[in-house]
Every structure is written in C-alpha cells, then in structure tokens.
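Enquirer: Pasting a structure below so you can have a look.
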C-alpha cells in the first residue's frame, strides 16, 4: 500500500474529550483517530464506550477540520465485541423493550454513522476483531489489518444472532452464501484469509500498520471532500438502487462537483503538471 498523495496536514494534534477512558480520540493532520480503549478486555464494548463513540462520531462528522475518520483499538487488539463476561453475569431472559430501543439507537449512531457519514472511514485492525467489533470494522469504508490480526463473527459461539449490522455488511462484502458460512460457523480467519475474501483491503506488518494506514487516511483527509462524499454515496446507492435510478443520481453528483473549487484546482494542477492542493470542495 503506497501513499501517492501529498500530506497537507500541519502536524498539529488536538485531543477530543470523550467523557470516558474507554474511548480515546484526537485529530491529527485532518484525521480523527478514535481508539477503543479497554485493552485488558481486548477492547470489548461497554455502554460507556458505545455512548462515547456515538457522540464522538457525530461530533467529528460535523467538524470541518476533520476530513477522514480512523477507528482502531488499543493494546494490540481491535475489538472483541460484546463483553461476554458481562453477558454471563446478566439475569437470564430477553432484555426488555427499553433495552431494544437503546440498542437500535446505538447501532444507528455507531456502525450506521460510520457507513453513512459523508467522510471516508478507515478501520485499522492491530489484532483480533470479533462479533460486534468486527461489525464496526465492516461498517468502515476501508480496512487495514496487521498480519497478526484474526477476524471472526463469533456470534454463533455465544448463541446470539448478531448485531451492529453484521449480516448486512457481510452480504455486501462477500455475498449471501459466504456470509451465511461466516455467521453460522464462526471460523477464525487469519488476516491473509480475510484479505482473500475481501474483508480487508490490505495486510501489513504490525510495525508498519499504523504508519501505512494513517498515510492513507491523511491522503483522504487532504482529498477533494465533496467528490469523495459523493463517491461514498454513489457506492451505497449502487448496492440497492436500479441502474437507471443510480445513474440519475450519479449525474447529479458528477455535475455538482464541476462547480467546486477542488475541481478548478485539480484542472489547473493538471495543466501546470503539479499535484493539486485541495481545500474542502467549496464552490468555485
């Protein structure tokens, strides 16, 4: 994986207060880096973490200083998914209607927002990604994994159906037959196996993972933001819309980007035989 775009960042890093130690966040060179931070539990999801993740994603989506979002995990893991130890301590029986409403809201505000937000999202997997943790990674636009990472749906092993968009994302990435296999059997996939299936975009040595993935994220943050947002919307629409409907929207997006300062800059840079310096896609 090679970064061929200029790093236009200033090198300034700004911390983001998340309200909990379970989620760390900062903005660096136009990239919001969100780190799941329960390393002693392989970053298993907690209510505090999910609440903070939802609020922080909403915040960085609206922040003009942020051009791309990276989601990663602390301590050599990405995310082990739900806290199974906590499940075992819970009273038996199905959670009530209030719990269902809370989880629906949480899913839409976390994996749903990663999928929908008009900014590129990148999951960086230094180690295991399982269950809902894998769902969060699959919700991102791009995924980069350390060669030591292991991916698994895990739900069947704890007799749960799956959450945070697991089947929806899997079907779109690998097709329904393979998605069923990954859900029903919960195989532990090595990073190389995940790459062959198309679940990750690249596998990197552990000591190069952060550097290489952040180079991509910086390139995206410094890219033509209106065009990238439109591309992201095009891809999402292409998964569900008939071709004619899709192409009508595609034309609207394409012609709209002609009016951006980024397009004007790119055209000048092409003529002048230099790299463009994008400024966020405001009208020319």
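In this note's numbering, the protein residues as written are 17 to 300.
Don't be surprised by glycine CBs; every beta carbon is placed ideally from N, CA and C.
On a predicted model such as this, the values are computed, not experimentally measured, just so you know.
(1) Mapping the DSSP letters down to three states, classify residue 56 as helix, strand or coil.
(2) Select from 134, 85, 184 and 157 the residue whose C-alpha is nearest the C-alpha of residue 269.
(3) Alpha carbon to alpha carbon, what distance is there between residue 56 and residue 279?
(4) With a threshold of 6 Å on Cβ separation, who are the neighbours of residue 188 within its own chain once the five nearest residues in sequence on each side are excluded?
(5) Can the beta-carbon of residue 241 be found closer than 8 Å to that of residue 91?
(6) Can you tell me which of the three DSSP states residue 29 falls into?
(7) Between residue 213 and residue 194, is the Cβ-Cβ spacing less than 8 Å?
(8) My output table needs one value for residue 90: the three-state DSSP class, helix, strand or coil.
(9) Any contact of the region 208 to 226 with the region 150 to 164, i.e. 3+ C-beta pairs under 8 Å?
(10) What does a CB cutoff of less than 8 Å around residue 74 pick up in its chain, not counting 5 residues either side in sequence?
(11) On a CA-only basis, which of 272, 41, 178 and 79 is nearest residue 119? Give me that one, please.
(12) Distance check for residue 237 and residue 96, CA to CA, integer angstroms please.
(13) Tell me whether the beta-carbon of residue 53 lies closer than 8 Å to the beta-carbon of residue 93.
(14) Since residue 165 and residue 131 should fall inside the 8 Å C-beta cutoff, what is the C-beta to C-beta distance between them, to a whole number of angstroms?
(15) Kindly indicate which three-state DSSP category residue 200 falls into: helix, strand or coil?
Expert: Once the coordinates are examined:
(1) helix
(2) 134
(3) 47 Å
(4) 255
(5) no
(6) strand
(7) yes
(8) coil
(9) yes
(10) 125 and 129
(11) 178
(12) 28 Å
(13) no
(14) Not a contact, Cβ separation roughly 21 Å.
(15) helix
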